[in-house]
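Under full-length UniProt numbering, the first residue of the sequence shown is numbered 1, with each subsequent residue one higher.
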Amino acid sequence: MGQNASSEQKHGYHVLKVVPGSPAARAGLIPFFDYIVAVNKTLLDEEANSLIKVISDNINSRLSFYVYSSKTNAYRNVKFEFPIEKWTTTGENGWLGFSVRYCSYDGAADHFWHVLAVVKDFPAFLAGIQPKTDYIIGSPNHILHNQTDLYDLFDKYINKPLHLYVYSTVTNKCREIIVVPTSKNGEGW
1 MGQNASSEQK HGYHVLKVVP GSPAARAGLI PFFDYIVAVN KTLLDEEANS
51 LIKVISDNIN SRLSFYVYSS KTNAYRNVKF EFPIEKWTTT GENGWLGFSV
101 RYCSYDGAAD HFWHVLAVVK DFPAFLAGIQ PKTDYIIGSP NHILHNQTDL
151 YDLFDKYINK PLHLYVYSTV TNKCREIIVV PTSKNGEGW
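See below:
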């Protein structure tokens with residue numbers, strides 16, 4: 001892995017959600033910032049079953065993910081404790097407790113928006129967004145590639161609840177917020 005993977009591979013499985021208490025949480029996968037590039041030294045491709053197949057083929061043996069972090073702009077190995085015991089009774093969160101989507105991570109750090117100011121009694125304020133320390137990092141239902149996508153999303157959700165993922169530099173954690181954008185004569189959200 002090492003240098004070759006980072007220079008050749010710019011796609012991976014973007015970790016969108018990690019269930020608290022799951023094997024993925026215990027192993028240290030970080031939602032929104034982590035991209036799974038390989039499992040047990042097997043590079044992953046865009047086939048829908050690529051990640052699932054590699055995990056299922058190795059579920060009772062050693063499992064090591066090679067992960068790119070858009071937060072630190074570095075690669076690391078994430079190892080899972082074994083044996084992985086059944087940690088959920090419903091099975092709805094999978095074997096390891098995370099959800100992903102396959103995409104490019106080239107320029108991933110450019111898809112975060114730093115909140116510089118929040119106006120009192122406006123939607124961002126009412127949603128609890130903090131100026132200077134919060135970053136909008138995505139939405140559970142929409143892919144945001146650039147600032148225009150973010151503004152278009154706000155326009156699409158005027159007077160409707162919009163779920164956003166926000167990262168706080170104070171807590172070093174991500175949270176989901178609900179904001180209801182309003183048309184304030186162009187004065188902000």
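Every residue gets a Cβ at the ideal spot worked out from N, C-alpha and C, and that includes glycine.
Asked	Found
Y105 and Y68: beta carbons closer than 8 angstroms?	yes
Inspect the beta-carbon positions of D121 and Y167 and report whether they are closer than 8 angstroms.	no
Can you check which of these residues, A108, I178, S64, N40, is closest to H14 by C-alpha distance?	A108
Whole beta strand (DSSP E) runs in the segment 21 to 87 with 3 or more residues, listed along the chain?	34 to 39, 64 to 69, 74 to 79
Could you check what DSSP says for H142 in three-state terms: helix, strand or coil?	coil
Considering only their Cβ atoms, is the gap separating Y157 from V32 smaller than 8 angstroms?	A quick correction: the sequence has Phe, not Val, at residue 32. For F32 and Y157, no; Cβs fall outside 8 angstroms.
Sorted by chain position, which residues of the same chain lie with C-beta nearer than 8 angstroms to P123's C-beta, five sequence neighbours on each side aside?	V179, V180, P181, T182, W189
Please list the segments of the alpha helix (DSSP H) lying wholly inside the segment 91 to 156, counting only runs of 4 or more residues, in order along the chain.	123 to 126, 147 to 156
For K160, which of helix, strand or coil comes out of DSSP?	coil
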